[in-house]
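Residue numbers (the working numbering): 1 to 376.
The beta carbon of each residue, even a glycine, is placed where N, CA and C say it ideally should be.
As the structure is a prediction and not an experimental result, all values here were calculated from the model.
Reviewing the structure listed below.
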């Protein structure tokens, strides 16, 4: 019976966990046995007793858990001590940040691990249940608006009282992917007047379906600004200038801006300049979801709230970890579904490396970095 290990997340600020009691039951039902490091789920409010009740074996240390395990499930890439403790030929499944964390990939390759990056799971129908980027971005978009409301210090909805009327907050969401659409929906539920922008033409209908107004320069380049996989392309300097002029006029009228734009394998595009920040009213708030990849906002800093002459720039890294219970539950379902692909029809650990999902997500195998996009 293949053995799965789930260990604590040791990266600072990471409170999620890669398996929850619900998915432990599913993994055991699929033919795995599961070892959970004691305390692995504590920061996400999943106690050891619940893992034990679900059928997992508890290990006192990560080293103890890994010594017997064929597969390691993680949220973030394993630390050096965990890599050193892996069995020869062990499989690692995690959000590995493959474009940014080359050193960790090389360590996994050197250790002989077969590693799969959940970021590289293809966006095809069969893999939707494994789409960790989407599940986590959904919660990041929600949490971004919650953080904005906390920092804003004023009401979101219109409020009519005997003492007078409070106008609704104006919220502008930049980037209408999964995170952006959830930010729009959340801000609308809180009663804000919401506008949004995106370079992908398909986003206009999605934005408007949520009751927000779409803001963009809709020229010929705009009509071609989406890859076959549904990701945004980086736009030309000319388009960026035209869009910046439109946004500059719009942004100075906003109370809250949420930026969500990311390009896979590239630094986050700069969407909001220092001049645009300065044009906003004192008391306004900007939340930069992309801060970990360089940020969309000039002046944003990871895990800081920057006061730019009265405008707050909120740069919390890893927003899903700030809603760890639910983020863990969704991510755990993603990786549990992925783990099912590692078994053959007889329940033996025998990954089919020609499977289109496994092939797309494979980053290290046989002592080498295996993914074409990562080979230098």
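*What distance in whole Å lies between the Cβ atoms of residue 91 and residue 70, which are believed to be in contact at a cut-off of 8 Å?*
Residue 70 sits at position 70 when you count from the first residue of the chain shown. Residue 91 sits at position 91 when you count from the first residue of the chain shown. Residue 70 to residue 91, Cβ: 6 Å. Contact.
*Could you pull out every residue in the same chain whose Cβ sits closer than 7 Å to the Cβ of residue 167, ignoring the five residues on either side in sequence?*
Looking up residue 167 in the chain shown gives position 167. Around residue 167: 158.
*Span of the alpha helix (DSSP H) holding residue 63?*
Counting from 1 along the chain shown, the entry for residue 63 is found at position 63. 62-67 is the span of the alpha helix (DSSP H), which, as asked, contains residue 63.
*Integer Cβ distance of residue 132 from residue 121, believed to fall under 8 Å*: As a working note, residue 132 is residue 132 in the chain shown. As a working note, residue 121 is residue 121 in the chain shown. About 7 Å separates the two Cβ atoms, so the contact holds.
*For the alpha helix (DSSP H) containing residue 102, list its first residue and its last residue.*
Within the chain shown, residue 102 is the residue found at index 102, counting from 1. Residue 102 -> alpha helix (DSSP H) spans 102-110.
*asked:* Let me check understanding here. Comparing Cα to Cα, which of 263, 251, 267 and 290 lies closest to residue 274?
replied: Here residue 274 refers to the residue found at position 274 of the chain shown. Ranking the options by Cα distance to residue 274, first place goes to 251.
*Closest to residue 68 by CA distance: which of 322, 293, 58 and 20 is it?*
The count along the chain shown starts at 1 and reaches residue 68 at position 68. Of the listed residues, the one whose Cα sits closest to residue 68 is 58.
_Whether residue 38 touches residue 73 by CB criterion (9 Å)_ = Here the question's residue 38 lines up with position 38 in the chain shown. Here the question's residue 73 lines up with position 73 in the chain shown. Contact: no.
*Under 8 Å by Cβ, that's how I've got residue 289 and residue 257 pegged, so tell me the actual separation to the nearest angstrom.*
By 1-based counting over the chain shown, the position of residue 289 is 289. By 1-based counting over the chain shown, the position of residue 257 is 257. Not a contact, Cβ separation roughly 11 Å.
*Look at the alpha carbon of residue 276 and the alpha carbon of residue 248, and state the distance between them as a whole number of angstroms.*
Locating residue 276 in the chain shown gives position 276, counting from the first residue. Locating residue 248 in the chain shown gives position 248, counting from the first residue. Each residue's alpha carbon lies about 6 Å from the other.
_Close Cβ partners of residue 267 (< 7 Å) along its chain, the five nearest in sequence each way excluded_ = Numbered from its first residue, the chain shown carries residue 267 at position 267. Around residue 267: 293 and 294.
*DSSP on residue 236, reduced to helix/strand/coil?*
For the purposes of this step, residue 236 is identified with residue 236 of the chain shown, where counting begins at 1. Correct three-state label for residue 236: coil.
_Whole-angstrom C-beta distance between residue 214 and residue 196, which should lie under 8 Å_ = The residue labelled residue 196 in the question sits at position 196 within the chain shown. The residue labelled residue 214 in the question sits at position 214 within the chain shown. Correct: roughly 6 Å between the Cβ atoms.
*Roughly how many angstroms lie between the CA atoms of residue 209 and residue 261, to the nearest whole one?*
Sequence index remark: in the chain shown, residue 209 carries index 209 (1-based). Sequence index remark: in the chain shown, residue 261 carries index 261 (1-based). Distance between the alpha carbons of residue 209 and residue 261 is about 20 Å.
*From which residue to which residue does the beta strand (DSSP E) around residue 365 run?*
As a position in the chain shown, residue 365 is number 365, starting the count at 1. Where residue 365 is concerned, the enclosing beta strand (DSSP E) stretches over 362-365.
*Tell me the start and end of each unbroken beta strand (DSSP E) in the segment 269-356 that is at least 3 residues and wholly inside, in chain order.*
285-288, 305-308 and 311-314
*Between residue 86 and residue 374, is the Cβ-Cβ spacing less than 9 Å?*
Along the chain shown, one-based indexing puts residue 86 at 86. Along the chain shown, one-based indexing puts residue 374 at 374. For residue 86 and residue 374, no; Cβs fall outside 9 Å.
*Reduced DSSP category for residue 125 - H, G, I as helix; E, B as strand; rest coil*: Your numbering for residue 125 matches position 125 in the chain shown. In this structure, residue 125 counts as helix in the three-state DSSP scheme.
*Might you give, ordered along the chain, the residues of its own chain that have their beta carbon closer than 7 Å to the beta carbon of residue 365, omitting 5 neighbours on each side?*
In the chain shown, counting from the first residue as 1, residue 365 sits at position 365. Around residue 365: 114.
*asked:* In the DSSP output, what is residue 159 paired with across the bridge?
replied: Residue 159 sits at position 159 when you count from the first residue of the chain shown. For residue 159, which the question treats as bridged, DSSP gives the partners 166.
_Residue from 263, 190, 130 and 95 with nearest C-alpha to residue 176_ = By one-based count along the chain shown, residue 176 stands at place 176. Out of 263, 190, 130 and 95, 263 has the C-alpha closest to the C-alpha of residue 176.
*Provide the residue(s) that pair with residue 9 in DSSP beta bridges, ordered along the chain.*
As a working mapping, residue 9 is identified with position 9 in the chain shown. In DSSP, residue 9 forms no bridge with anything.
*asked:* Taking the beta carbon of residue 255 as the centre, do at least 16 other beta carbons fall within 10 Å, making it buried, or is it exposed?
replied: One-based indexing of the chain shown puts residue 255 at position 255. The residue is buried, with at least 16 neighbouring Cβ atoms inside 10 Å.
*Would you report the Cα separation of residue 212 and residue 281, rounded to the nearest angstrom?*
The sequence position of residue 212 within the chain shown is 212, counting from 1. The sequence position of residue 281 within the chain shown is 281, counting from 1. If you take the alpha carbons of residue 212 and residue 281, they lie about 22 Å apart.
*Just grab the DSSP bridge partners of residue 37 for me.*
Locating residue 37 in the chain shown gives position 37, where the first residue counts as 1. For residue 37, which the question treats as bridged, DSSP gives the partners 59.
*List the whole-angstrom C-beta distance separating residue 156 from residue 183, where the pair is believed to meet the contact cut-off of C-beta under 8 Å.*
On the chain shown, position 156 is the one that residue 156 refers to. On the chain shown, position 183 is the one that residue 183 refers to. About 13 Å; that fails the 8 Å criterion.
*With 16 as the cutoff for other CB atoms within 10 Å, does residue 35 come out buried or exposed?*
Along the chain shown, read from residue 1 onward, the residue named residue 35 stands at position 35. The residue is buried, with at least 16 neighbouring Cβ atoms inside 10 Å.
*Top-ranked residue by Cα proximity to residue 358, from 94, 2, 206 and 235*: Here residue 358 is taken as the residue at index 358 of the chain shown, counted from 1. When each option's Cα is compared against that of residue 358, the closest is 94.
_Only counting the same chain, and skipping five residues up and downstream in sequence, which positions put a Cβ closer than 7 Å to that of residue 51?_
Counting from one through the chain shown, the residue named residue 51 turns up at place 51. If we look at residue 51 and ignore the five residues flanking it on each side, its Cβ neighbours are 21, 24, 36, 41 and 58.
*Got a sec? Which residues, its chain only, sit under 6 Å from residue 314 by beta carbon, not counting five neighbours each side?*
For the purposes of this step, residue 314 is identified with residue 314 of the chain shown, where counting begins at 1. Here the set comprises 147, 151, 287 and 305.
_Inter-stretch contact at 8 Å, needing at least 3 Cβ pairs: the segment 2-16 / the segment 307-327_ = yes
*asked:* Classify residue 353: buried if its beta carbon has 16 or more other beta carbons within 10 angstroms, exposed otherwise.
replied: Counting from one through the chain shown, the residue named residue 353 turns up at place 353. The residue in question, residue 353, is exposed, as its Cβ has fewer than 16 Cβ neighbours within 10 Å.
*Roughly how many angstroms lie between the CA atoms of residue 33 and residue 368, to the nearest whole one?*
Numbered from its first residue, the chain shown carries residue 33 at position 33. Numbered from its first residue, the chain shown carries residue 368 at position 368. Those two C-alpha atoms are separated by around 28 Å.
_Within 9 Å, strictly: CB atoms of residue 302 and residue 317_ = Here the question's residue 302 lines up with position 302 in the chain shown. Here the question's residue 317 lines up with position 317 in the chain shown. Contact flag set, yes.
*Thinking C-beta only, is residue 291 closer than 9 Å to residue 300?*
Indexing the chain shown from 1 puts residue 300 at position 300. Indexing the chain shown from 1 puts residue 291 at position 291. Yes. Within cutoff.
_Pull the bridge partners of residue 114 from the DSSP assignment, please._
Locating residue 114 in the chain shown gives position 114, where the first residue counts as 1. Paired residues: 91.
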